[in-house]
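Engineer: Residues in the sequence shown are numbered from 10 upward in steps of one, following my numbering.
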Amino acid sequence: MINFLPLIYEDELFFSVISRYKQICGMGSKRALEMDLFRIYKRMGRKSVLFPQYLDTFVSNLPPTSKLSIKDIINKHTMHPFYTSFFSWEKTQLVFNAMKKGYGRSIENMVGLAGSKVKSTNYLRYCPMCFREDMEKLGESYWRRLPQVPGALYCPIHKVLYKDSKVVITDCRNDFYCADEDTCNTELMVDTNPIQFKLLNLRYLENVSYLFKQNVNRKDLTFIINFYVDRLRERGIASTGGTLYIDRLIEAFLSYYPSDYLELMQSVVDIEQETNWLKRFVRNNNKNRSPLRHLLFLQFLGIDVEELYKTNSTTGKQTIVHNRTPKFDIEERREKWLTIIKDNPGANRSELKQIGKGLHTWIYVNDRDWYDHVTPRVKTRKQKKDSIDWKKRDEECLGLAKSAVGKLLRAEGKPIRLMPSTIRRTIGVTRWFNHAKLQKTRQYIEEITETIESYRVRKIKWAIEEMINQGEKLTVYKVQLKAGFGGGNKEIRETIASVLREYK
Ligand SMILES: [Zn+2]
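#1: Taking DSSP's pairing of strands, which residues face leucine 177 in a bridge?
#2: Please report the distance separating the alpha-carbon of serine 6 from that of glutamine 32.
#3: Buried or exposed for methionine 428, please, with buried defined as at least 16 other CB atoms from any protein chain shown within 10 angstroms of its CB.
#4: Excluding five sequence neighbours on each side, which residues of the same chain lie with their C-beta closer than 7 angstroms to the C-beta of phenylalanine 67?
#5: Counting Cβ pairs, one atom from each stretch, are 3 or more of them under 8 angstroms apart for the region 221-238 and the region 176-196?
#6: Any heavy atom of ligand 1 inside 8 angstroms of the beta-carbon of cysteine 164?
#7: Does the separation of the CB atoms of aspartate 376 and isoleucine 339 fall below 9 angstroms?
#8: Lysine 446 by DSSP, collapsed to three states: which one?
#9: Per DSSP, what are the beta-bridge partners of alanine 247 in this structure?
#10: Is the separation between the beta-carbon of leucine 214 and that of tyrosine 254 shorter than 9 angstroms?
#11: What does the alpha-carbon distance come out to for the pair aspartate 239 and phenylalanine 306?
#12: Can the beta-carbon of isoleucine 461 be found closer than 9 angstroms to that of isoleucine 432?
#13: Kindly indicate the opening and closing residues of the alpha helix (DSSP H) around cysteine 406.
#14: Where serine 129 and glutamine 275 are concerned, what is the direct C-alpha to C-alpha distance, given to the nearest angstrom?
#15: Determine the extent of the alpha helix (DSSP H) in which tryptophan 371 is found, giving its start and end residues.
#16: Nearest-angstrom Cα distance between glutamate 503 and leucine 483?
#17: If you count every other CB in all the chains shown that lies within 10 Å of the CB of glutamine 205, and 16 or more means buried, which is it?
#18: Reducing DSSP to helix, strand and coil, say where isoleucine 259 ends up.
#19: From the DSSP output, in three-state form, read off leucine 170 for me.
#20: Count the other CB atoms, across all protein chains shown, that sit within 10 Å of the CB of threonine 439; report buried if there are 16 or more and exposed otherwise.
#21: Indicate, with yes or no, if ligand 1 has a heavy atom lying under 8 angstroms from the CB of histidine 167.
#22: Determine whether the beta carbon atoms of isoleucine 82 and phenylalanine 23 lie at a separation below 9 angstroms.
#23: Should proline 72 be labelled buried (16 or more other beta-carbon atoms within 10 Å of its own) or exposed?
#24: Taking the alpha helix (DSSP H) that methionine 476 belongs to, which residues open and close that run?
#25: Starting from phenylalanine 105, trace the alpha helix (DSSP H) both ways and give me its first and last residue.
#26: With DSSP as the reference, please indicate the residues paired to glutamate 19 in a beta bridge.
#27: Between which two residues does the alpha helix (DSSP H) carrying alanine 123 extend?
#28: Sort Glu405, Asp352, Glu511 and Val217 by Cα distance to glutamate 315 and report the nearest one.
#29: By the three-class DSSP mapping on this structure, what secondary structure does arginine 153 have?
#30: Does the region 441-449 come into contact with the region 468-477, if we say contact requires no fewer than three beta-carbon pairs (one atom in each stretch) closer than 8 angstroms?
#31: If we call anything under 9 angstroms between Cβ atoms a contact, is aspartate 189 one with glutamate 142?
#32: I need the straight-line Cα distance from lysine 146 to methionine 138, nearest angstrom please.
#33: Say yes only if the C-beta of cysteine 139 is nearer than 8 angstroms to one or more non-hydrogen atoms of ligand 1, and no if none qualify.
#34: Judging by CA-CA distance, which residue of Lys222, Arg257 and Ser248 is the nearest neighbour of aspartate 20?
#35: If you compare alpha carbons, which of Phe91, Ser97, Trp152 and Tyr135 is closest to valine 58?
#36: Does the region 397-406 come into contact with the region 415-428, if we say contact requires no fewer than three beta-carbon pairs (one atom in each stretch) closer than 8 angstroms?
Structure (structure tokens):
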């Protein structure tokens, strides 16, 4: 039995409460503490900073006067509400029970955090100004939940960057450390991000706070996807029937979010990739989606997350087409369309569209897969092709590509990655530039394209040189900020450290 528990602060992590308890009791041994609180220690080897378990044992150990319930702990003092926000009720409850009764394995696995591309931070994070104010007002500080959310970059109260403390989250053998002078300090981080990033991020955090503090609802994934399809339809990014115009979506998404911001949010959309996360995200599959990405997507749609939970019905992909038009009607239309194709050999899609105007629209909207299957693609360009001197054009394009690369390399500010899309954008051309007959150009672009690693190194070198020019002190951390990398990525830190060695 525990005689007392320290007063719990708002948004305080359960881990933090235990750490303060340990410090107040002056308990040296972590094992004794775990025995004291949970009457177990072997199983606690699996304990986690973000998702504690065996909470029923813990609560039954509290003095009878204590009003602290398991529900309060899980909902107000762990990451549970955030990571289960986009789960069904059943799954949410499952995670809840695992934390209550103990699960034996990590909850991180259960909520999909372990296998996700969106990682949580490696260190407990905090706001240096909150820390200072706590010390002044309370004489102590504590770990909050909000800074531990992936993609939480700024403190919403002080509008300054969150930073890593010295406490590693990911090592489960870790001790209970308090947020104090040993682990935190009041030094502010240098913010080199454009102001737009801060605004985007504070908006993101408003939605996160809603999930933590107010949201008690859950929606099934199918409902959520349908909700997205409806909103995309309103914006002309999905057809009436609910078919998504993926290219349009990607274009709109990338013009809403700067790519450097997406990098900080661990959600870069690589348009060169056959299936990037955004494409998979809007498709109706059962894959786990990080809550971060749901919030990114909603923000892009200009919708508060609250609206999603308050919506009661969705349409999604429309399958009611058949009610309006009996099946034989489809067959009839298909037959007519096939006749048009047959009667106009060699016609391309836009010519066929002209010929079968109304019919084309109907089939295109309501019977798209079939349309794609039977309708021939462009194949009547032979004459044109012959008239093009590909060799000459290849030389011209190669020249354009080279000067675009030069331009990109000389550009002021943070380096831009050399890759087909950025080169094309610099020249101001579209995908035709990738034509198979432009052999030399293609080869050149392929050779010059930077891997993500070499691009990182270039960004790091740029940051270092900028800092040298401005007479700033070089530390891994400062370089990381200047180059615009988010905190907590060990791989990047190591790269920075090794590049820094070249300068020393
Ligand atoms: Zn703060």
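Cβ atoms here follow ideal geometry from the backbone N, Cα and C, with glycine treated the same way.
Structural biologist: The relevant details are as follows:
#1: Here residue 177 corresponds to residue number 168 of the sequence shown, with the count starting at 1. It should be noted that the sequence gives valine, not leucine, for residue 177. Tyr132.
#2: In the structure as shown, the chain starts at 10 and stops at 513, and residue 6 therefore has no counterpart that could be examined.
#3: Against the sequence shown, residue 428 aligns to sequence position 419. Buried, by the Cβ-count rule.
#4: The count along the sequence shown starts at 1 and reaches residue 67 at position 58. Taken in chain order, the residues that qualify are Leu46 and Phe47.
#5: no
#6: The count along the sequence shown starts at 1 and reaches residue 164 at position 155. Checking every heavy atom of ligand 1 against the Cβ of cysteine 164, one is found closer than 8 angstroms.
#7: Working through the sequence shown from its first residue, we reach residue 376 at position 367. Working through the sequence shown from its first residue, we reach residue 339 at position 330. Going by C-beta atoms, aspartate 376 is nearer than 9 angstroms to isoleucine 339.
#8: On the sequence shown, residue 446 is found 437 positions in, with the first residue counted as 1. Coil, per DSSP.
#9: The residue given as residue 247 occupies position 238 in the sequence shown. Paired residues: Leu253.
#10: Taking the sequence shown and counting its residues from 1, the one referred to as residue 214 is at position 205. Taking the sequence shown and counting its residues from 1, the one referred to as residue 254 is at position 245. Going by C-beta atoms, leucine 214 is not nearer than 9 angstroms to tyrosine 254.
#11: Here residue 239 is taken as the residue at index 230 of the sequence shown, counted from 1. Here residue 306 is taken as the residue at index 297 of the sequence shown, counted from 1. In this structure, the straight-line span from the alpha carbon of aspartate 239 to that of phenylalanine 306 is close to 13 angstroms.
#12: In the sequence shown, the residue the question calls residue 461 occupies position 452. In the sequence shown, the residue the question calls residue 432 occupies position 423. Going by C-beta atoms, isoleucine 461 is not nearer than 9 angstroms to isoleucine 432.
#13: Against the sequence shown, residue 406 aligns to sequence position 397. Where cysteine 406 is concerned, the enclosing alpha helix (DSSP H) stretches over 399-419.
#14: Counted from its first residue, the sequence shown places residue 129 at position 120. Counted from its first residue, the sequence shown places residue 275 at position 266. Cα to Cα, serine 129 sits roughly 10 angstroms from glutamine 275.
#15: Within the sequence shown, the letter at position 362 stands for residue 371. Run containing tryptophan 371: 366-375, per the alpha helix (DSSP H) assignment.
#16: Working through the sequence shown from its first residue, we reach residue 503 at position 494. Working through the sequence shown from its first residue, we reach residue 483 at position 474. It is roughly 15 angstroms from the alpha-carbon of glutamate 503 to the alpha-carbon of leucine 483.
#17: Mapped onto the sequence shown, residue 205 falls at position 196. Glutamine 205 comes out exposed.
#18: For the purposes of this step, residue 259 is taken as residue 250 along the sequence shown, with counting starting at 1. DSSP places isoleucine 259 in helix when its eight states are reduced to three.
#19: Translated into positions along the sequence shown, residue 170 becomes position 161. Leucine 170 falls in the strand class under three-state DSSP.
#20: By 1-based counting over the sequence shown, the position of residue 439 is 430. Classification of threonine 439: exposed, given that the 10 Å Cβ count is below 16.
#21: One-based indexing of the sequence shown puts residue 167 at position 158. For ligand 1, at least one heavy atom lies less than 8 angstroms from the Cβ of histidine 167.
#22: Taking the first residue of the sequence shown as position 1, residue 82 is located at position 73. Taking the first residue of the sequence shown as position 1, residue 23 is located at position 14. The answer is yes: Cβ separation under 9 angstroms.
#23: By one-based count along the sequence shown, residue 72 stands at place 63. Classification for proline 72: exposed.
#24: For the purposes of this step, residue 476 is taken as the residue at position 467 of the sequence shown. Residues 461-478.
#25: If you number the sequence shown from 1, residue 105 lands on position 96. Start and end: 98-110.
#26: Taking the sequence shown and counting its residues from 1, the one referred to as residue 19 is at position 10. According to DSSP, glutamate 19 bridges with nothing at all.
#27: Reading the sequence shown from its first residue, position 114 is the one you call residue 123. Alanine 123 -> no alpha helix (DSSP H), and no H or E assigned at all.
#28: Numbered from its first residue, the sequence shown carries residue 315 at position 306. Closest in C-alpha terms to glutamate 315, from the list Glu405, Asp352, Glu511 and Val217, comes Val217.
#29: Against the sequence shown, residue 153 aligns to sequence position 144. Here arginine 153 sits in strand by DSSP.
#30: no
#31: In the sequence shown, residue 189 corresponds to position 180, counting from 1. In the sequence shown, residue 142 corresponds to position 133, counting from 1. In this structure, glutamate 142 does not lie closer than 9 angstroms to aspartate 189 by Cβ.
#32: Taking the first residue of the sequence shown as 1, we reach residue 146 at position 137. Taking the first residue of the sequence shown as 1, we reach residue 138 at position 129. Going from the Cα of lysine 146 to the Cα of methionine 138 covers about 12 angstroms.
#33: Along the sequence shown, read from residue 1 onward, the residue named residue 139 stands at position 130. Yes - ligand 1 has a heavy atom lying nearer than 8 angstroms to the Cβ of cysteine 139.
#34: Position 11 of the sequence shown, counted from the first residue, corresponds to residue 20. Considering only alpha carbons, the answer is Lys222.
#35: Reading the sequence shown from its first residue, position 49 is the one you call residue 58. Taking only the C-alpha atoms, the option nearest valine 58 is Trp152.
#36: no
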